[in-house]
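S.K.:
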Amino acid sequence: MQFTETVLIAFAALRANKLRSILTMLGVVIGVSSVITMVALGTGAEHAVRDQLTKLGTTVIWINPQRLQQGGVGTANATKLTMKDVEAIRQRAPNVVGVNYQQDRRLQVAWRNKNANVQVTGTNANFLEVRGFKLATGRMFNDAHDRGRQRVAVLGAGVVPLLSSGDGSELLGERIMIGGRGFTVIGTLMDRGVTGVADADEQILIPFSTGRVEIFGTDRLQDIWARAGSEDSLVQAMTEIYLALRRSQRLRSGQPDTFTMRNQSDFLVVLNESRQVFTALLASIAAVSLVVGGIGIMNIMLVSVTERTREIGVRKALGATRRSILLQFLTEAVFLCLVGGIVGIAAGVTFSDLSRRTMGWTTAVDSPSILLAFGFATAIGLVFGVWPATRAASLDPVEALRHE
């Protein structure tokens with residue numbers, strides 16, 4: 384009964400100073416909502432990265448030439464990958480089910496009165512299977528187009544709106560100019576929704592042999608892409624590719640590699656680590672406002688103790704124990720933080736949803752972040768409420784009654 388009465392007295396004190404209580408809670412509300420929002424943004428970014436890498440394919444391996452180092456600085460000149468290396472992978476990597484190779488360069492592309500500067504990629508006919516792209520309209524070029532060095536092109540989803548206002552079907556069979564040479568459009572690709580280095584939707588595919596002779600004029604490959612048979616065989620496939628390329632490049636033991644290899648899991652690890660650091664930084668900054676809110680609560684509670692010194696003396700004179708006084712003021716502090724935490728969680732979830740709807744940001748509010756913010760708010764109330772509560776409980780009743 385004494386505990387219930389003490390809690391009711393604490394709530395009555397808060398109701399008597401509604402405006403002050405609301406303003407005191409505001410710091411906690413801002414802190415909790417900031418933590419919820421920042422963590423939601425970080426978690427949403429992680430989910431977006433995972434979705435993109437799933438679209439890229441978890442069994443895809445990317446091989447590109449190693450950049451030369453001069454004085455510790457990477458130069459524009461890189462070592463060379465050629466079709467000899469592609470054949471070495473095909474012959475010596477049984478766990479690789481497909482090899483795609485490419486040359487690329489940004490060129491001016493024109494159709495009727497529209498033009499754009501986009502990446503033109505010379506590649507082989509298994510591009511869709513190895514890289515995981517899909518056709519939207521038309522068809523992909525085949526080995527016969529490649530052997531015959533035919534001028535045909537498949538447009539990436541990002542290229543279509545640069546040349547046409549429609550869905551791309553009106554471009555089928557049309558002749559476009561690529562680097563001053565005419566190519567016939569035979570297909571368009573579906574939007575992959577993946578952006579980043581070497582895997583953008585904004586590219587035009589042409590047969591490798593056509594590009595090598597008429598566009599690029601070199602046998603140097605910019606990239607080689609390989610697909611392992613399964614995730615279980617990915618490590619073995621990478622080992623086979625590594626050994627095949629070192630042998631193809633005639634590298635002796637102890638010589639540095641002339642190429643680099645990456646799979647999508649590597650990208651995921653790097654991006655996920657960056658996301659975690661970024662999220663922790665933002666959450667730490669947001670947590671500062673929670674601490675500031677806690678300091679505000681402590682300050683207000685100290686003022687409250689001073690204002691209610693005579694009340695405390697009367698309660699002690701009537702038999703209130705040190706424990707009940709301590710509990711009363713501690714309850715007030717914790718209650719302010721709990722209510723502020725609840726309102727802050729609601730505000731954080733609302734703001735995260737508004738960010739997703741209005742700004743197009745990827746956000747994800749999960750239970751751990753809500754529990755963490757709520758628990759932190761409770762801890763703030765306990766930590767910053769102990770000193771004022773202890774001060775109130777330690778007042779001498781005789782001195783308290785004399786206080787004006």
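Under my numbering, the residue at position 178 of the sequence shown is numbered 561, and the numbers go up by one with no gaps.
The beta carbon of each residue, even a glycine, is placed where N, CA and C say it ideally should be.
(1) Report all residues from its chain with a CB closer than 6 Å to the CB of residue 511; omit the five preceding and five following residues, and keep chain order.
(2) Suppose the cutoff is 7 Å on Cβ atoms and the five residues either side in sequence are ignored; what does the same chain contact list for residue 613 look like?
(3) Based on Cα-Cα distance, which residue from 507, 526 and 420 lies nearest to residue 739?
(4) Using a Cβ-Cβ cutoff of less than 6 Å, which residues in the same chain neighbour residue 462 once the five nearest sequence positions on both sides are dropped?
(5) Helix, strand or coil for residue 676, going by three-state DSSP, please let me know.
(6) Buried or exposed, going by whether 16 or more other CB atoms sit within 10 Å of the CB of residue 544?
(7) Any idea what DSSP makes of residue 420, helix, strand or coil?
(8) Using CA coordinates, which residue listed in 767, 762, 766 and 745 is at the minimum distance from residue 431?
(9) Output the distance between the C-alpha atoms of residue 808 and residue 552, rounded to the nearest integer angstrom.
(10) Distance, Cα to Cα, residue 485 vs residue 529?
(11) Starting from residue 598, trace the alpha helix (DSSP H) in both directions and tell me its first and last residue.
(12) Taking residue 547 as the reference, which of 574, 494 and 617 has the closest Cα?
(13) Could you tell me the alpha carbon to alpha carbon distance between residue 504 and residue 412, rounded to whole angstroms?
(14) Would the stretch 725 to 736 count as touching the stretch 746 to 753 if we require 3 or more Cβ pairs under 8 Å?
(15) Of the choices 501, 513 and 533, whose alpha-carbon is the least far from that of residue 541?
(16) Nearest-angstrom Cα distance between residue 631 and residue 468?
M.R.: The answer reads as follows:
(1) Along the sequence shown, read from residue 1 onward, the residue named residue 511 stands at position 128. Result list for residue 511: 523, in chain order.
(2) Here residue 613 is taken as the residue at index 230 of the sequence shown, counted from 1. For residue 613, where only same-chain residues beyond five positions count, the Cβ hits under 7 Å are 442.
(3) Taking the sequence shown and counting its residues from 1, one reaches residue 739 at position 356. With distances taken between Cα atoms, residue 739 lies closest to 420.
(4) For this step, residue 462 is matched to residue 79 along the sequence shown. The answer, listed in chain order, is 448, 449 and 641.
(5) Sequence index remark: in the sequence shown, residue 676 carries index 293 (1-based). Assignment of residue 676 by DSSP, reduced to helix, strand and coil, places it in the helix class.
(6) Here residue 544 is taken as the residue at index 161 of the sequence shown, counted from 1. Exposed, by the Cβ-count rule.
(7) Position 37 of the sequence shown, counted from the first residue, corresponds to residue 420. Note: residue 420 maps to helix in three-state DSSP.
(8) Within the sequence shown, residue 431 is the residue found at index 48, counting from 1. Residue 745 is the option with its Cα nearest to residue 431.
(9) For residue 808 there is no data in the structure shown, the boundaries of the chain being 384 and 787.
(10) Numbered from its first residue, the sequence shown carries residue 485 at position 102. Numbered from its first residue, the sequence shown carries residue 529 at position 146. Inter-residue distance for residue 485 and residue 529 is about 13 Å (C-alpha atoms, whole angstroms).
(11) For the purposes of this step, residue 598 is identified with residue 215 of the sequence shown, where counting begins at 1. Neither: residue 598 is in no alpha helix (DSSP H) and is coded neither H nor E.
(12) Along the sequence shown, one-based indexing puts residue 547 at 164. Nearest of 574, 494 and 617 to residue 547, Cα basis: 494.
(13) By 1-based counting over the sequence shown, the position of residue 504 is 121. By 1-based counting over the sequence shown, the position of residue 412 is 29. Roughly 52 Å separates the two Cα atoms.
(14) Yes: the two stretches touch, three or more of their Cβ pairs being nearer than 8 Å.
(15) The residue labelled residue 541 in the question sits at position 158 within the sequence shown. Check the Cα spacing between residue 541 and each of 501, 513 and 533: the tightest is with 501.
(16) For the purposes of this step, residue 631 is taken as residue 248 along the sequence shown, with counting starting at 1. For the purposes of this step, residue 468 is taken as residue 85 along the sequence shown, with counting starting at 1. The straight-line gap from Cα to Cα measures roughly 6 Å.
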